[in-house]
């Protein structure tokens, strides 16, 4: 796990590389690689690298070159199958100087050019400068575990980096991308190549970019496919085949020359990883858990249950609300954009805890999007089914009564009924996208000021999501939703995982997102994902008799953070400063009256946790990145 950055100036720009700029870009992401730093500069091309040494720690320094110095690479990530190619490449005449995976990428590039990405099994973002072709290749792994951002200017020059803050050291001006604001507000983060910074784009997962003298070509090299479906002869055999792929994925992610461990939440995903790890390593697994003191936000008893079962070397940390708010500005800086998920903060704390003991951790991200683990999938399918046949289940008179009387009901009842087919039009945009958005369309219409609306061209925050639904080969609605979430919601979770763990200088690996496991899982029939009320059916079956029954049958908890109650009590001052202050309200981006209404409704007991979270984060983000204020 490392950090990369670079600059490619076109001939039109008539500029040459300034090594001091590359050093500043590198220093901005020092936390991603505190073990070493390196720079390559040649006329109009510059590459920078920060290293967190994991494999072949005594060698493997970057930028790395090939035998004749015609190629230079900077690489962030891990290639788990790199040793599989070594003998063949040596037989073809390639000379290795190290035992690290970076060098294998170089030699595969020599053999296959940009198509080398198709051979790689792992997580990666890398840049290769080919001096013979005068081409720069940027590539990003299939699921987007590793980040890669870039800016292409009007002269054809290109600046890229693992984190957006590094780009600003190359002279990129941080400005709000108003066009991306509706997307950000609805979906926890932007869902396509746009970011919340004007002109800053992300290279999408499963894509590579080739730059040559100011011309850019982007190509998709991989996608999730759901067809043809796997034929089912014997369910148990299919469960065992799935578990074999999962076990192999965990095994591959144990590749390291440094200590490793795992984040253990006590949910089925991390517990399943612990179960497989326990049979693959000799020493007790080092496990790490985080919680808050409040009982409703504390899952430690389940993590301890799994720890006892597999005899792990277990470590815990409890985060206080004061610690939560004290660290928030620093974490917004690490995230580069407003933090999409409350759980990012405890993730940072458990990463800091783990960093005291290990350099690598395995985590359970990705399972929900592969196997239908979120309750919203089943709720949406049921709502659509009932909505299409509402006369059978709820005559028009009942629906009208619900819709007219819903405003008089207690908030908890109103909140549930308002999100069902009884109140909403029976279409996907209302029952899925809007229903689970942070700020749905009608609320955005009230929140955004008139001035802001004039700066937004695409006001539908779900346009990218709808595009993904249309481009997949999935036949069933469930698979279509899983595909869209894999491209969007999961991407934001992975950025949370990457940036919060790298803020603590620790590498995180995600076994559920091995692309071979993903490909197999996507082609499973629906009943292996959701069966009746059971989500992630095949995972539960694979772990039956392995995990404690309490883990297999417990209700999904997510990672609850008692944030809303904190804001109503001791930490109302946070709202006063970052939401209701004259400085925040006078920006003119949001309608001040509606902002105050949201705060008042939240203080009165309604649940607007995620909306308050966005408003606070957005203000902190503006102060730090747009105005350059140091808040930590």
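Numbering (our numbering), first residue to last: 1 to 632. Just so you know, even glycine gets a beta-carbon here, dropped at the ideal spot from N, CA and C.
Top-ranked residue by Cα proximity to residue i, from the options
| i | options | result |
| --- | --- | --- |
| residue 557 | 545, 269 and 149 | 269 |
| residue 203 | 491, 596 and 505 | 491 |
| residue 307 | 276, 49, 319 and 594 | 276 |
| residue 145 | 6, 525, 77 and 97 | 77 |
| residue 561 | 212, 546 and 298 | 298 |
| residue 57 | 67, 68 and 102 | 102 |
| residue 461 | 572, 443 and 478 | 443 |
| residue 40 | 59, 14 and 8 | 8 |
| residue 568 | 457, 133, 601 and 363 | 601 |
| residue 516 | 335, 626, 226 and 563 | 226 |
| residue 134 | 90, 87 and 210 | 210 |
| residue 537 | 291, 374 and 447 | 374 |
| residue 610 | 377, 344 and 480 | 344 |
| residue 510 | 85, 16 and 252 | 252 |
| residue 257 | 205, 574, 360 and 165 | 360 |
| residue 466 | 502, 548 and 485 | 485 |
| residue 68 | 154, 200, 351 and 106 | 106 |
| residue 293 | 628, 579, 586 and 563 | 563 |
| residue 154 | 283, 628, 172 and 314 | 172 |
| residue 321 | 599, 285 and 346 | 346 |
| residue 136 | 603, 70, 582 and 605 | 70 |
| residue 188 | 440, 95 and 47 | 440 |
| residue 17 | 278, 45 and 365 | 45 |
Residue i vs residue j beta-carbon contact at 9 Å
| i | j | result |
| --- | --- | --- |
| residue 182 | residue 459 | yes |
| residue 163 | residue 179 | no |
| residue 6 | residue 151 | no |
| residue 469 | residue 489 | no |
| residue 14 | residue 79 | no |
| residue 52 | residue 505 | yes |
| residue 494 | residue 272 | no |
| residue 626 | residue 338 | no |
| residue 579 | residue 595 | yes |
| residue 128 | residue 216 | no |
| residue 318 | residue 290 | yes |
| residue 214 | residue 12 | yes |
| residue 502 | residue 608 | no |
| residue 246 | residue 436 | no |
| residue 336 | residue 165 | yes |
Rounded Cβ spacing between residue i and residue j (contact assumed at less than 8 Å)
| i | j | result |
| --- | --- | --- |
| residue 613 | residue 381 | With 8 Å as the limit, residue 613 and residue 381 do not qualify as a contact, their Cβ atoms being about 28 Å apart. |
| residue 358 | residue 264 | Actually they are not in contact, since the Cβ atoms of residue 358 and residue 264 sit about 13 Å apart, beyond 8 Å. |
| residue 142 | residue 222 | 4 Å |
| residue 125 | residue 140 | 5 Å |
| residue 38 | residue 49 | 5 Å |
| residue 438 | residue 185 | 6 Å |
| residue 378 | residue 530 | 6 Å |
Alpha carbon of residue i to alpha carbon of residue j, nearest angstrom
| i | j | result |
| --- | --- | --- |
| residue 131 | residue 630 | 40 Å |
| residue 262 | residue 274 | 8 Å |
| residue 3 | residue 168 | 15 Å |
| residue 97 | residue 83 | 14 Å |
| residue 208 | residue 499 | 22 Å |
| residue 363 | residue 157 | 37 Å |
| residue 324 | residue 559 | 14 Å |
| residue 383 | residue 542 | 30 Å |
| residue 624 | residue 177 | 16 Å |
| residue 525 | residue 229 | 6 Å |
| residue 508 | residue 355 | 11 Å |
| residue 10 | residue 566 | 52 Å |
| residue 478 | residue 206 | 22 Å |
| residue 280 | residue 570 | 47 Å |
| residue 391 | residue 533 | For residue 391, the pLDDT reaches just 47, beneath the cut-off of 50, and the residue's location in the model is therefore unreliable, leaving the point undetermined. |
| residue 212 | residue 110 | 18 Å |
| residue 476 | residue 616 | 38 Å |
| residue 586 | residue 576 | 14 Å |
| residue 640 | residue 236 | Residue 640 lies beyond the residue range present for the chain, which begins at 1 and ends at 632; the question has no answer from this structure. |
| residue 219 | residue 30 | 30 Å |
| residue 432 | residue 54 | 41 Å |
| residue 200 | residue 550 | 46 Å |
| residue 192 | residue 340 | 15 Å |
beta-carbon residue i near the ligand NAD non-hydrogen atom, thresh 8 Å
| i | result |
| --- | --- |
| residue 341 | In terms of ligand content, the structure shown is empty, and the ligand NAD therefore cannot be addressed. |
How about the region 619-628 and the region 329-339: do they share at least three Cβ pairs that are nearer than 8 Å? Verdict: yes, contact present.
Any 3 or more C-beta pairs closer than 8 Å across the region 52-68 and the region 367-376: Taking a cut-off of 8 Å on C-beta distances, the region 52-68 does not touch the region 367-376, as fewer than three cross pairs fall below it.
Counting beta carbon pairs with one atom in the region 513-529 and one in the region 231-243, are three or more of them shorter than 8 Å? With the cut-off at 8 Å, the region 231-243 and the region 513-529 touch.
Per the contact definition of three or more C-beta pairs closer than 8 Å, is the region 446-454 in contact with the region 590-599? Counting Cβ pairs under 8 Å, three or more are found: they touch.
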